[in-house]
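Here the protein sequences line up with chains Y and V, keeping their order.
Position in the first sequence (first residue = 1) + 25 = our numbering.
Position in the second sequence (first residue = 1) + 307 = our numbering.
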Amino acid sequence: MKKYAYYPGCSLESLAKGYHLSAMAVTKEFGLELNEIKDWNCCGSTAYFPVDELLAYTLVSRNLALAEKMGASDFVAPCSACYKNAYFTNSYLQSDTDLADHINYALEEDQLHVDGSLKVRHLIELFIEDVKLEEVEKKATHPLKGLRVAPYYGCQLVRPRKAKEDVENPRYFENLLSAIGAEPIEYANKTRCCGGSLIITNRKAALSMVQILLQDAVIHGADVIATTCPMCDVNLEVYQEQVNREFGTHYSVPVMYFTQLMGLALGIDPGRLGVGKSELASLQAKAVAQPAESQ
Amino acid sequence: MTERIGVYVCHCGTNIAGVVDVAAVSKWAGEALAGRGVVIARDYKFMCSSLGQELIQKDIKEQKLTRVVVAACSPHLHERTFRNACKGAGLNPYLCELVSIREQDSWVHTDKVAATAKAKAIISGGVERVIHHEALEPLRVPIHPATMVVGGGIAGIQAALEIADAGFPVYLVEREPSIGGHMAQFDKTFPTLDCSACILTPKMVDVGNHPNITLMTYSEVQKVDGYVGNFAVTVKKKARYIKEADCTGCGICWEKCPWKFVDEVFEAGMAKRKAVYTPFPQAVPKYPVIDDQTCVYFSKGTCKACQKFCPTNAIDFEQKDELLTVQVGNIVLATGFDLFDVNRIPQYGYKRLANVYTNLEFERLCNAAGPTGGNIVLRDGKTVPKAVGIVHCVGSRDQNYNPYCSSVCCMQSLKFAHLVHERTGADVYNFYIDIRTPSKGYEEFYQRLLEEGTHFVRGKVAEITDTARTPEEEGKLVIQVEDTLIGKQRRIPVDMVVLSAGLQARHDAKDVAKMFGIACSAENWYTERHPKLDPVATMTEGIYIAGCAQGPKDIPASVAQGAAAAARILGKIQQKEIALEPVRASINEEQCSGCRICNSLCPFSAILFHEDKMVSEVNPALCQGCGTCVAACPAGAISGTGFSNEQILSQIEGLLLLNIPVKEAVA
């Protein structure tokens, strides 16, 4: 059983409880052990970096240091923003010894030390790279036949621009959806920003960005939008009503975490995946879950 | 101390004297270095002037100087001037040392006291070095009158014709089945809108008929041996499967060939060709080639339709690749450019969106001999676009791809805009960062386009998409761009997009440069000897460069460089022999362990390895005296004339002022 240092981030404790539940349930099925980092703190989000970069890197580094202390080799974040912050901080620690010295000086207060020796990964990478899609396909005993899913990468998941990754037109999410029997739809805006935290500071601009995504997904026939990030999920799901009011549209498309769709395909009880429990658009989501239950 | 040394310190106006106390330096050298053999030290306003040179010459005669040190600018600039001055006064020119107190001192320092002290140290180093100099004689090598031109585009054609017209033999080597290069693919040329083929093909015909030009098409250089004046170049002549002596170029073979393939080279993928083909009707030479990669006979063993119908029995399926070795005195590399691969910018949708074209595809589309007979239509072959977007700087001036300006794309994009306007009446949008029209008649062409009503949008295109947001965008290609003049995001629906992909070095430019022993820039353009004053020569004697292989440029500039390279070579041929700098490395066979470390390090491929004796040897005609091998040799077996260990170590001692008593050093 491969072990990972798991960094849930704040959203998964409340707003995105379903993401947390489904992530735990699905990884367990594949024999991946997610060990939550004890006493983790904020990832810095979007807000802290423009205020003070050094302090923000230090904040992130504390989480990395805690994970290193656990003896883990991989740091896994399910939230794209947490992932991106941890990924960049970790790579800066590796390349900038001066920065690492400054940060370690601060971490001494907490009897911690960071090397930057971890591999920082997003949860979805585990299924693509470690589990492999053939294995996913084998385990998907309740394939989501005929379900047209819009794979929504969002912007931060591909932002590290890792070598050989096609950041403008990535394909791995589609491949994962195919492996669980669903039908991934093609649409151009799959890596476009969901508006992020702009929803707080400039609601109208953010709603317009959400509208573009909903429009594109719906025109291309999405039954459901699959996300990899709690922020994207909230913007696309919770703000549908406001988008409809603002633009006179009638969107009503369920939005689910990719782990929830995977869980349904594995035949896990929707309740254990947080589907229709603490989710906000629970009714729609439940409808999506039906095919799995009926099989 | 037997040497009598003169030290000359140049003011270079205020270039040096503004920072270094030149008079004090000169006075110090005369006194402190007197014990090292300095008998006279002078400073002068411009040492390089005739009067300055005469000053040195007078001293050589009157003071009986045996060594000269000039402290002035970089040896790149005036080393030859002062060596010649010494030679004029009867002193061997290699007994003169030019040390730089401008580039290495006054130009890079602001602290006058420190700069003055540094100038003293530099001169002290020069004095110690020059003591160990030897009188050298330049190497003289004969120049073979033949020239090889590699690349049959317009630059190579021009170079070949100039040399051949002057009465000297030329071998013109071209990789493709025909000469003509990229220019043969174009429809019109900017800014005059002459038909490209009409002005190019007469030159191609001249090349084909010229008694002094040996044309080697469908051929590639494999190996280059020798050195300036005496190169032996091995050329692989790929099998054409056509007997050139019998072929009349009648065209029956390609008419009868039943197999069609997409022509990715000449037609840029826009049209098909047969397995036996000439790339275009005016091809020179007229003989076709049978492409053994696509010809069905080579994969299946049957067909031979071309052979059955050939009226002169010129098809020969048994032909093999040939290796030919030719002797030449000089070489011109005019190997051209590759187009930037627009697939690297996936947000522009090339291939994914049918009606996004590259500039080369669009040239073929406009060309009367192209796939649509010159009609500008969409990929369906019939729909005339109502709106066309032309994107400048694709892959150019972009830190993610090529940081440089490709220089021709602005004018080419303006030409496209004009052609679209003229032939379709469509609305044309040009998306530019800056419009760059610096040559004769170019700005006037831009004005003409403005008057024609072309829409110019200043901003870098973010994305091209077929995802509509409004009913007007349905079925269109939408260009998302920030219009930086009005400070707004715009979405402009069009039917066709042309990507003006930038120019980049040939994919194999680096290997070719290594084969010919020349250097490349970071972007793999061939490096010229001097960016301003010697743009077509290279650091390797006898190798010249012309056209886009040296950097992006338009047709007039390519022609000028081709002619310039020819003029340089004709000058060398007329001299019949060439004097080479005697500053060379040599290997002591006794000490060489045969480790071959120096072999691959030599930037000029001047070191060869004797397998029988297991030792390396420097070819003195190829060696440029850079000293890399001398420093690298672990056995210390390599020494350099003009940069021996003794000379270098003495110079370092001099720089550290270890050569004179401490009291004088700090004075």
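Heads up, the beta-carbon is just placed ideally off N, CA and C, and yes, glycines get one too.
Query	Result
Environment of H440 of chain V [buried if 16+ CB atoms lie within 10 Å]	buried
Span of the alpha helix (DSSP H), counted from its first residue to its last, around C339 of chain V	Checking the displayed sequence, the identity of residue 339 of chain V turns out to be Ala instead of Cys. It spans V329 to A339 - the alpha helix (DSSP H) in which A339 of chain V sits, taken as one unbroken run.
Nearest neighbour of L286 of chain Y, chosen from Y:V174, Y:E262 and Y:Y197 [CA to CA]	Y:V174
Top-ranked residue by Cα proximity to C502 of chain V, from V:A339, V:C673, V:S606 and V:G459	V:C673
Inter-residue CB distance, T642 of chain V and C554 of chain V (contact presumed, cutoff 8 Å)	Rounded, the Cβ-Cβ distance is 27 Å, inconsistent with contact.
Buried/exposed call for L756 of chain V, threshold 16 Cβ in 10 Å	buried
Among V:G901, V:V596 and V:L468, nearest to D919 of chain V - alpha-carbon criterion	V:G901
Amino acids of chain Y, ordered along the chain, whose beta-carbon sits closer than 9 Å to that of P653 of chain V	D191, V192, E193 and N194
Spatial neighbours of A317 of chain Y in its chain, beta-carbon cut-off 8 Å, leaving aside the 5 residues before and after	Below a pLDDT of 50, predicted positions are generally treated as unreliable, and A317 of chain Y, at 45, falls in that range; no measurement from the model is reported.
Under the three-state DSSP convention, the category F74 of chain Y falls into	helix
For H762 of chain V, three-class secondary structure by DSSP	strand
Under 9 Å by beta carbon: chain Y residues contacting T774 of chain V	Y212, A213, N214, I237, Q240, D241, I244 and H245
Three-way DSSP call (helix, strand, coil) for V377 of chain V in this model	strand
V125 of chain Y vs L89 of chain Y beta-carbon contact at 8 Å	One point to set straight first is that residue 125 of chain Y is Ala, not Val, in the sequence displayed. Taking 8 Å as the Cβ cut-off, A125 of chain Y and L89 of chain Y do not qualify as a contacting pair.
I430 of chain V beta carbon less than 8 Å from that of V406 of chain V	yes
Rounded Cβ spacing between G206 of chain Y and S47 of chain Y (contact assumed at less than 8 Å)	G206 of chain Y to S47 of chain Y, Cβ: 17 Å. No contact.
Closest Cα partner of G794 of chain V within the set V:G766, V:P859, V:T774 and V:A775	V:G766
Assigned secondary structure, M281 of chain Y (DSSP; H/G/I helix, E/B strand, else coil)	strand
Residue range of the alpha helix (DSSP H) that includes G359 of chain V	S357 to E369
For H45 of chain Y, the first and last residue of its enclosing alpha helix (DSSP H)	K42 to E54
Inter-residue CB distance, Y833 of chain V and T845 of chain V (contact presumed, cutoff 8 Å)	7 Å
Proximity to T274 of chain Y [Cα-Cα], best of Y:I237, Y:V259 and Y:D258	Y:I237
Ranges of the beta strand (DSSP E) found wholly within the stretch 548–606 of chain V, counting only runs of at least 3	567–569 and 579–581
Ranges of the alpha helix (DSSP H) found wholly within the stretch 226–277 of chain Y, counting only runs of at least 4	228–244, 255–263 and 265–272
Classification of H814 of chain V by the beta-carbon crowding that lies within 10 angstroms, buried from 16 upward	exposed
Same chain, Cβ closer than 6 Å to F493 of chain V, five either side skipped, listed in chain order	S503 and E670
N-terminal and C-terminal residue of the alpha helix (DSSP H) that A421 of chain V is part of	K419 to I438
Where the alpha helix (DSSP H) containing H383 of chain V begins and where it ends	P382 to G395
Neighbour flag for D790 of chain V against chain A, beta carbons, 8 Å	The structure shown contains no chain A; its protein chains are Y and V.
Candidates V:P745, V:E888 and V:E835, of which the one nearest F497 of chain V by Cα	V:P745
Close Cβ partners of N650 of chain V (< 8 Å) along its chain, the five nearest in sequence each way excluded	Y657 and K658
Start-to-end residues for the alpha helix (DSSP H) that takes in K189 of chain Y	Taken as a continuous stretch (DSSP letters only), K189 of chain Y belongs to no alpha helix (DSSP H), as it is neither H nor E.
Pair within 8 Å by beta-carbon distance, Y525 of chain V and K545 of chain V	yes
Short Cβ contact (8 Å threshold) for A92 of chain Y with A30 of chain Y	yes
Inter-residue Cα distance where the pair is F763 of chain V and Y711 of chain V	22 Å
Buried versus exposed call for A751 of chain V [16 or more other C-beta atoms within 10 Å across all chains shown]	It is worth fixing the name first, because residue 751 of chain V is Glu in this sequence and not Ala. E751 of chain V is exposed by the Cβ-count criterion.
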